[in-house]
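In numbering that gives the first Met the number 0, the protein residues as written are 0 to 128.
Cβ atoms here follow ideal geometry from the backbone N, Cα and C, with glycine treated the same way.
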Amino acid sequence: MTGDIELHGWCATFCQEAVSGEMPDNGADPDDHGHWCRSMSVSGDGITPSGTHFILFAEAMREYVHGVLPASQIDLHNRLRRVVGITLDSNSEPSVLLTPGEAREFAAGLVYLANVVSNIDAPAQRVIR
Ligand SMILES: [Zn+2]
């Protein structure tokens, strides 16, 4: 189709597949490499409202393409070059992808809310003299 482009797949510098040596840092078959370059993950342990243990994962991610990218996917591919992925299972596809700015804003919001529920954002007690 007109406008399709051929891309040679290069892994992101943080790609654990390439860093570990399990994959070459370029030219890997997407069927072997997967659809994403993924960093090491950070996790957040929590519980569901019913009390079941639950873990969220966040990773630096970049869409990995080695082959023909349809013209209709180019804009989305460019948006997926630098994202933080939130997954509900460490081996699954991401549920949400955040730009670096969105990820920083979310992280700052989480810290603020943690301070609120810990009540450490309250004003200092007055000293009565
Ligand atoms: Zn990779």
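Return yes when at least one heavy atom of ligand 1 lies under 7 Å from the C-beta of residue i, else no.
i    : result
E16  : yes
A59  : no
W32  : The sequence as given places His at residue 32; Trp does not occur at that position. Yes; taking the cut-off as 7 Å, the Cβ of H32 has a heavy atom of ligand 1 nearer than that.
Y111 : no
A106 : no
A70  : no
A121 : no
A11  : yes
Count the other CB atoms within 10 Å of the CB of residue i; is the residue buried (16 or more) or exposed (fewer)?
i   : result
S38 : buried
E92 : exposed
L6  : exposed
G8  : buried
R61 : buried
A57 : buried
A17 : buried
T86 : buried
Just checking my contact of residue i with residue j at CB under 8 Å: how many whole Å lie between their CB atoms?
i   : j   : result
V95 : A59 : That belief does not hold up - the Cβ atoms of V95 and A59 are roughly 14 Å apart, past 8 Å.
G33 : Y63 : 7 Å
I4  : L68 : 5 Å
D31 : M22 : 7 Å
Sorted by chain position, which residues of the same chain lie with C-beta nearer than 6 Å to residue i's C-beta, five sequence neighbours on each side aside?
i    : result
G43  : L55
A102 : V83
Closer than 7 Å by C-beta to residue i: which residues in its own chain qualify, once you throw out the five before and the five after it? Chain order, please.
i   : result
I46 : H52 and F53
A27 : G8 and H65
N25 : H7, G8, W9 and C10
Excluding the 5 residues preceding and the 5 following residue i in the sequence, name in chain order all residues of the same chain whose CB lies nearer than 8 Å to its CB.
i    : result
A121 : none
T1   : A70
contact_flag[the stretch 6 to 25, the stretch 38 to 54] where n(CB pairs < 8 Å) is 3 or more: yes
At least three beta-carbon pairs within less than 8 Å, the stretch 107 to 119 to the stretch 65 to 79: no
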